[in-house]
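S.K.:
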Amino acid sequence: MPGASPRRPSTSAGVWVTTSNSPSGSGSNVKTHINRERRVVVTGMGIVAPNGIGLKDFWNNTLEGRSGIFEVDRFPLDGLKSRIAGLVKDFRPRELGLREEQIRRLDRYAQFALAAARMATGDARLDLQNLDHERMGVCVANAICGTRFMEEEFLALTERGTAPLDGAWAQRWLYQGATFNVASAELAHEYKALGPCFTLSTGCTAGLDAIGFSLDRIRSNEADVMICGASEAPITPIAMGAFDVVGALSSKRNHVPHQASRPFEADRDGFVLGEGAGILVLEERQHALRRNATIYAEVRGFGSCNNAFHMTDLPPDGHDLARALRAAIEDARILPQEISYVSAHGSSTRQNDVNETTALKEVLGRHAYDIHVSSLKSMVGHPLAAANVLESISALLALHTGKLPPTINYDTPDPACDLHYVPNRSIQRKLDVILKEASGFSGIHSALVFSKPDYVGGLR
35 MPGASPRRPS TSAGVWVTTS NSPSGSGSNV KTHINRERRV VVTGMGIVAP
85 NGIGLKDFWN NTLEGRSGIF EVDRFPLDGL KSRIAGLVKD FRPRELGLRE
135 EQIRRLDRYA QFALAAARMA TGDARLDLQN LDHERMGVCV ANAICGTRFM
185 EEEFLALTER GTAPLDGAWA QRWLYQGATF NVASAELAHE YKALGPCFTL
235 STGCTAGLDA IGFSLDRIRS NEADVMICGA SEAPITPIAM GAFDVVGALS
285 SKRNHVPHQA SRPFEADRDG FVLGEGAGIL VLEERQHALR RNATIYAEVR
335 GFGSCNNAFH MTDLPPDGHD LARALRAAIE DARILPQEIS YVSAHGSSTR
385 QNDVNETTAL KEVLGRHAYD IHVSSLKSMV GHPLAAANVL ESISALLALH
435 TGKLPPTINY DTPDPACDLH YVPNRSIQRK LDVILKEASG FSGIHSALVF
485 SKPDYVGGLR
């Protein structure tokens with residue numbers, strides 16, 4: 035868990051570890067009992083992504099290398115250098131099962147979360163009538179919350195900023211736009227989840243952190259089922275402007291948006307902001323087996339740490355990301371050489387892609403050159419906290435099918451990024467164990483290890 039020692043004891047089925055998982059991500063230490071006999075599996079997935087809504091469309095488009103990055107046409111872009119984003123263009127909430135009152139009062143990111151959760155619980159075939167609802171929890175992450183709703187309401191209430199704000203005319207659910215826990219609370223209400231209900235806002239690793247946090251809630255016997263993931267809808271003037279002003283966004287290819295995000299490639303010039311949601315259903319393995327659930331994968335381990343270096347920049351050596359990778363691998367009780375695929379953070383920034391490549395080589399050694407690494411952000415951009423859940427779903431589908439998604443727009447190799455990045459075309463490979471990692475502003479690094487459900491390797 036974030037803030038934990040990167041090394042965990044491996045000699046007993048149950049151990050005590052110190053974690054720091056407050057809903058805000060700020061870190062209040064909590065003692066959690068981790069029971070190694072309570073294994074955790076993925077039984078359902080739901081996705082709303084710029085290149086596809088639902089697992090089938092998303093996966094087909096991903097394997098074909100189809101981009102969901104377009105020119106932004108929702109608001110004036112005056113003064114912005116970057117004019118493109120990963121956009122969910124065909125989101126129809128009514129067709130995806132949302133009720134009218136949810137559509138009326140909820141920000142776009144919360145609607146994304148509800149739609150993705152509906153897909154995930156349907157995919158898991160959860161029998162909500164017969165579940166023990168006190169043993170079901172929720173953890174949904176976001177970095178931006180209801181920015182769009184807040185911006186639109188502010189402009190409406192102040193005559194586009196020219197008059198004092200008159201609260202008498204505000205919609206009564208305006209406060210929801212400013213609170214981060216709306217998506218988690220809505221999902222808990224929707225599914226009558228009476229167990230743990232948390233929101234994590236740890237920035238661009240928050241989706242992985244939500245999965246890791248949920249992993250430990252099941253291991254610690256606080257829940258048997260966790261609905262977890264992340265959702266973001268940051269394509270708004272304020273959010274785009276915030277990233278644009280610090281020079282983080284790609285602007286060189288505004289005229290060819292689908293070519294702008296190019297992780298690990300020599301001519302990359304920044305990330306492309308995106309939107310979307312990914313939700314997983316995690317279950318205690320015996321709970322899933324008793325109901326004959328389809329199991330996509332086992333969640334084997336999680337690790338997280340911070341580099342305490344800079345709010346936006348990364349140290350050049352990748353050592354701190356390597357610590358998070360090692361923590362996840364040790365928690366998973368596997369050897370580094372068992373990893374056969376890495377789903378990269380791959381943000382398409384000058385610093386990140388070198389930092390990430392260096393960290394992988396530090397942890398995996400020569401084995402780093404034997405495996406494949408790819409970045410979904412080449413197709414969907416960077417939906418902040420949701421990015422690493424979309425990428426986890428892509429990685430889990432790769433593990434399930436043996437088809438590795440490509441890194442598109444990979445034309446000219448960068449000598450500092452010298453691993454195999456699955457350039458431009460998907461490939462077929464046998465996979466048993468995969469690593470998903472992420473980094474974020476403020477210096478946080480997180481990683482997860484997944485394996486096939488019947489994989490018997492490792493150091494159990």
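For the sequence shown, our numbering gives the first residue as 35, with consecutive numbering after it.
C-beta: ideal position from N, C-alpha, C; glycine also.
With distances taken Cα to Cα, identify the nearest neighbour of N176 among F92, D351 and R142.
M.R.: Stepping through the sequence shown from its first residue, residue 176 is reached at position 142. Closest by alpha carbon: R142.
S.K.: Starting from R334 and walking both ways along the beta strand (DSSP E), at which residues does that stretch end?
M.R.: Translated into positions along the sequence shown, residue 334 becomes position 300. A331 to N340 is the extent of the beta strand (DSSP E) around R334.
S.K.: Could you tell me how far apart the beta carbons of P271 and F109 are, in whole angstroms, since I believe they sit closer than 8 Å?
M.R.: Position 237 of the sequence shown, counted from the first residue, corresponds to residue 271. Position 75 of the sequence shown, counted from the first residue, corresponds to residue 109. Their Cβ separation, rounded to whole angstroms, is 5 Å, which keeps P271 and F109 in contact under 8 Å.
S.K.: So, helix, strand or coil for S58, using DSSP?
M.R.: Locating residue 58 in the sequence shown gives position 24, counting from the first residue. Any reading at S58 must be qualified, since the residue scores a pLDDT of 36, below 50, and its modelled position is unreliable; the value itself is stated next. In this structure, S58 counts as coil in the three-state DSSP scheme.
S.K.: Could you tell me the distance, in whole angstroms, from the CA atom of L221 to the CA atom of A421?
M.R.: Taking the sequence shown and counting its residues from 1, one reaches residue 221 at position 187. Taking the sequence shown and counting its residues from 1, one reaches residue 421 at position 387. C-alpha separation (whole angstroms): 20 Å.
S.K.: Using the Cα positions of I178 and D404, report the straight-line distance between them to the nearest angstrom.
M.R.: Along the sequence shown, one-based indexing puts residue 178 at 144. Along the sequence shown, one-based indexing puts residue 404 at 370. One C-alpha to the other measures close to 38 Å.
S.K.: Using CA coordinates, which residue listed in E256, N255, F247 and C238 is at the minimum distance from F277?
M.R.: Here residue 277 refers to the residue found at position 243 of the sequence shown. Checked all of E256, N255, F247 and C238; the closest Cα to F277 is C238.
S.K.: Less than 8 Å between the C-beta atoms of S338 and S377, yes or no?
M.R.: In the sequence shown, residue 338 corresponds to position 304, counting from 1. In the sequence shown, residue 377 corresponds to position 343, counting from 1. Cβ atoms of S338 and S377: not closer than 8 Å.
S.K.: State the start and end residues of the unbroken alpha helix (DSSP H) segment that holds S412.
M.R.: Your numbering for residue 412 matches position 378 in the sequence shown. It spans K411 to V414 - the alpha helix (DSSP H) in which S412 sits, taken as one unbroken run.
S.K.: Comparing alpha-carbon positions, which option in A419, G304 and P440 lies nearest R117?
M.R.: Sequence index remark: in the sequence shown, residue 117 carries index 83 (1-based). Checking every option, the nearest Cα to that of R117 belongs to G304.
S.K.: Under three-state DSSP, which class holds K470?
M.R.: Position 436 of the sequence shown, counted from the start, is the residue given in the question as residue 470. Strand, per DSSP.
S.K.: Let me see if you follow: with CB-CB separation under 8 Å, is E168 close to chain D or not?
M.R.: This model lacks chain D altogether, as it is built from one protein chain only.
S.K.: Keeping to the same chain, check which residues put their C-beta closer than 7 Å to that of L433; ignore five residues upstream and five downstream.
M.R.: Here residue 433 is taken as the residue at index 399 of the sequence shown, counted from 1. These residues qualify, in order along the chain: A331, L465, I468, F484 and K486.
S.K.: State buried or exposed for D157, treating a residue as buried only when at least 16 other CB atoms are found within 10 Å of its CB.
M.R.: Locating residue 157 in the sequence shown gives position 123, counting from the first residue. D157 comes out buried.
S.K.: Identify, in the order they occur along the chain, each residue of the same chain with its Cβ nearer than 8 Å to the Cβ of L114, setting aside the five sequence neighbours on each side.
M.R.: Here the question's residue 114 lines up with position 80 in the sequence shown. So the qualifying residues of the chain are M274, G275 and D278.
S.K.: How do the stretch 247-264 and the stretch 304-316 stand: do at least 3 beta-carbon pairs fall below 8 Å, yes or no?
M.R.: yes
S.K.: Pick from E309, M79, Q462 and T441: whose alpha carbon is nearest that of G120?
M.R.: Here residue 120 refers to the residue found at position 86 of the sequence shown. Nearest of E309, M79, Q462 and T441 to G120, Cα basis: E309.
S.K.: Can you tell which of R302, G352 and L234 has the C-alpha that lies nearest to the C-alpha of E266?
M.R.: Here residue 266 refers to the residue found at position 232 when the sequence shown is read from its first residue. Out of R302, G352 and L234, L234 has the C-alpha closest to the C-alpha of E266.
S.K.: CB-CB under 7 Å to S428, same chain, minus the five flanking residues each way: which ones, in chain order?
M.R.: Working through the sequence shown from its first residue, we reach residue 428 at position 394. T96, S377, L410 and P439.
S.K.: Tell me whether the beta-carbon of S381 lies closer than 8 Å to the beta-carbon of P297.
M.R.: On the sequence shown, residue 381 is found 347 positions in, with the first residue counted as 1. On the sequence shown, residue 297 is found 263 positions in, with the first residue counted as 1. Yes; because the gap between Cβ atoms is below 8 Å, this pair is in contact.
S.K.: Starting from G80, follow its DSSP beta bridges and name the residues at the other end.
M.R.: On the sequence shown, residue 80 is found 46 positions in, with the first residue counted as 1. G80 pairs with I313.
S.K.: Using only the alpha-carbon positions, how far apart do F336 and L148 sit?
M.R.: Residue numbering aside, residue 336 sits at position 302 when the sequence shown is read from its first letter. Residue numbering aside, residue 148 sits at position 114 when the sequence shown is read from its first letter. Just so you know, the alpha carbons of F336 and L148 end up roughly 25 Å apart.
S.K.: Going straight from the alpha carbon of L431 to that of K437, what length do you get?
M.R.: If you number the sequence shown from 1, residue 431 lands on position 397. If you number the sequence shown from 1, residue 437 lands on position 403. Taking the straight line joining both Cα atoms gives about 8 Å.
S.K.: With DSSP as the reference, please indicate the residues paired to P110 in a beta bridge.
M.R.: Numbered from its first residue, the sequence shown carries residue 110 at position 76. Answer is none; P110 lacks a bridge partner.
S.K.: Okay, do the stretch 152-172 and the stretch 73-87 touch, 3+ Cβ pairs below 8 Å being the bar?
M.R.: With the cut-off at 8 Å, the stretch 152-172 and the stretch 73-87 touch.
S.K.: Tell me whether P271 counts as near the ligand MG, meaning its Cβ is closer than 7 Å to at least one heavy atom of that ligand.
M.R.: You won't find the ligand MG in this model; it holds no ligand whatsoever.
S.K.: To the nearest angstrom, how far is the alpha carbon of S473 from that of S480?
M.R.: Stepping through the sequence shown from its first residue, residue 473 is reached at position 439. Stepping through the sequence shown from its first residue, residue 480 is reached at position 446. Spanning the two alpha carbons is a distance of roughly 6 Å.
S.K.: Excluding five sequence neighbours on each side, which residues of the same chain lie with their C-beta closer than 6 Å to the C-beta of V172?
M.R.: The residue labelled residue 172 in the question sits at position 138 within the sequence shown. Closer than 6 Å at Cβ, skipping near neighbours: S218, L221, A222, A227, C231 and I261.
S.K.: When the distance is taken between beta carbons, is R72 closer than 8 Å to I252?
M.R.: In the sequence shown, counting from the first residue as 1, residue 252 sits at position 218. In the sequence shown, counting from the first residue as 1, residue 72 sits at position 38. Yes. Within cutoff.
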